[in-house]
Amino acid sequence: MTMRVVRGEKSPLLNENLVFAGKTPLKQQDAIISGSYVEIAGEKFYQIGQYDQMRPFFMSVVSGGDHWLFISSKGGLTAGRTNADSALFPYETEDKLTMHGETAGSKTIFLVEQDAKTYLWEPFSERFGGAYQLERNLYKNVYGNKLIFEELNLDLGLTFRLMWRTGERFGFIKSSTIVNQGEACQIAVLDGLLNVLPYGASDSTQNRLSNLLNAYKRSELDEETGLGIFTMSATLTDLAEPSESLKATVVWQTGLKDVIYLLCQEQVEQFRLGEYVEQEVDVLGKAGAYLVRSGF
312 MTMRVVRGEK SPLLNENLVF AGKTPLKQQD AIISGSYVEI AGEKFYQIGQ YDQMRPFFMS
372 VVSGGDHWLF ISSKGGLTAG RTNADSALFP YETEDKLTMH GETAGSKTIF LVEQDAKTYL
432 WEPFSERFGG AYQLERNLYK NVYGNKLIFE ELNLDLGLTF RLMWRTGERF GFIKSSTIVN
492 QGEACQIAVL DGLLNVLPYG ASDSTQNRLS NLLNAYKRSE LDEETGLGIF TMSATLTDLA
552 EPSESLKATV VWQTGLKDVI YLLCQEQVEQ FRLGEYVEQE VDVLGKAGAY LVRSGF
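In terms of the numbering used here, the sequence shown is numbered consecutively and its last residue is 607.
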């Protein structure tokens, strides 16, 4: 086989730089990066427009208490109280958090019904890059304790915003907002958190014994309140003595009605395909998640 490569020469397979996935042409996201101060709900924020056109970068969200949160512009994050041994998401280095943007932290998936078609939209994800014309913006308030990710889907006429902040009473608060600037539509949503750690998963255990740790994980749902309870079935020990784990990480949601709760990631792909998902009440031996399925 003979190969010939000439720098700067167009491939004969490319037609005016159009690339297709199946029969769908992928859209170019060539945009100008910008920065400016803006006001949101009466509060001053710094905006980075088209932040996804930059190289990935690392940020923190500050707190007046013992909260800590580190997050990549790709969405992967770690957060907790006091120190790394009390993490709510796996405590990893910056490069790993950037790579794990799809598997730890926030996850939102929409199925949008417009013009007798159902469109799959996964904000901030690279899974379907080029499928839509998008604009992504990032906002951080001047105090540094609120961070907003925003994605405008210009094809569907929808805008999704995700905000991270902390509170002394409620811990870490994720707020999700969707705004319709286009035609009326029906939306099914799966929104929540991935890779939630139980209480007692220390930094060394996460990094040295991660698969063994999964075997001890238990995720439960209080069906009356929608409270997700993430625990270890026992503490990790080799001693021949009782070793109950009596503390838990808890997650709950407000705002969505008529919901179905998922406690792991196994049914996420079913939702993407428009299939029915069943509520999960007690999940053993799997990485924890707290996902809420609803529609409006």
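Beta carbons are placed, not taken as given, at the ideal position from N, Cα and C, and that holds for glycine.
Simplified DSSP state of residue i, which is helix, strand or coil
i: D569; result: coil
i: K558; result: coil
i: M543; result: strand
i: R447; result: strand
i: S611; result: Only positions 312 to 607 of the chain appear in this structure, which leaves residue 611 out of reach.
i: L465; result: coil
i: N525; result: helix
i: G319; result: Any reading at G319 must be qualified, since the residue scores a pLDDT of 49, below 50, and its modelled position is unreliable; the value itself is stated next. Coil.
i: E405; result: helix
i: Q564; result: coil
i: D426; result: coil
i: Y357; result: strand
i: D363; result: helix
i: D377; result: coil
i: A332; result: strand
i: M314; result: Only weak support is given to the placement of M314: the predicted model assigns it a pLDDT of 45, under 50, and the question is left unresolved by the model.
Rounded Cβ spacing between residue i and residue j (contact assumed at less than 8 angstroms)
i: T542; j: A559; result: 5 angstroms
i: T419; j: S383; result: Contact flag wrong, Cβ pair sits at about 17 angstroms.
i: Q576; j: V588; result: Q576 to V588, Cβ: 11 angstroms. No contact.
i: Y443; j: D426; result: Not a contact, Cβ separation roughly 15 angstroms.
i: S417; j: L504; result: 6 angstroms
i: E405; j: F369; result: 5 angstroms
i: T470; j: Q492; result: 6 angstroms
Chain-order list of residues whose beta-carbon lies under 8 angstroms from that of residue i (same chain, five-residue window excluded)
i: L532; result: L538, G539, I540, Y572, L574, Q590, E591, V592 and D593
i: V561; result: L538, G539, I540 and F541
i: K485; result: S417, L473, M474, W475 and L504
i: Y510; result: S397, F541, T542, M543, S556, K558, A559 and T560
Run of the alpha helix (DSSP H) containing residue i, from where it starts to where it stops
i: A398; result: Unbroken run through A398: none, as it is neither H nor E.
i: R583; result: V579 to R583
i: K338; result: Here K338 belongs to no alpha helix (DSSP H), and DSSP marks it neither H nor E.
Per DSSP, the bridge partner or partners of residue i
i: E589; result: DSSP output for E589 lists no bridge partner at all.
i: R604; result: L501 and I571
i: T414; result: According to DSSP, T414 bridges with nothing at all.
i: M370; result: I382
i: L431; result: L422
i: M474; result: I459 and S486
Same chain, Cβ closer than 6 angstroms to residue i, five either side skipped, listed in chain order
i: G376; result: E479
i: S345; result: G360
i: D514; result: A395, D396 and Y402
i: D502; result: T419, S487 and V603
i: E461; result: N448 and R472
Close beta carbons around residue i, own chain, < 7 angstroms, minus the five adjacent residues each side
i: E424; result: C496 and Q497
i: P401; result: T389, A415, N506, L508 and Q517
i: D569; result: S605
i: L524; result: A512, T516 and Q517
i: V373; result: G455 and N456
Range of the contiguous beta strand (DSSP E) that encloses residue i
i: Y348; result: S345 to I351
i: G391; result: L388 to R392
Interface flag, residue i vs chain D, CB-CB below 7 angstroms
i: W475; result: No chain D appears in this structure, which consists of one protein chain only.
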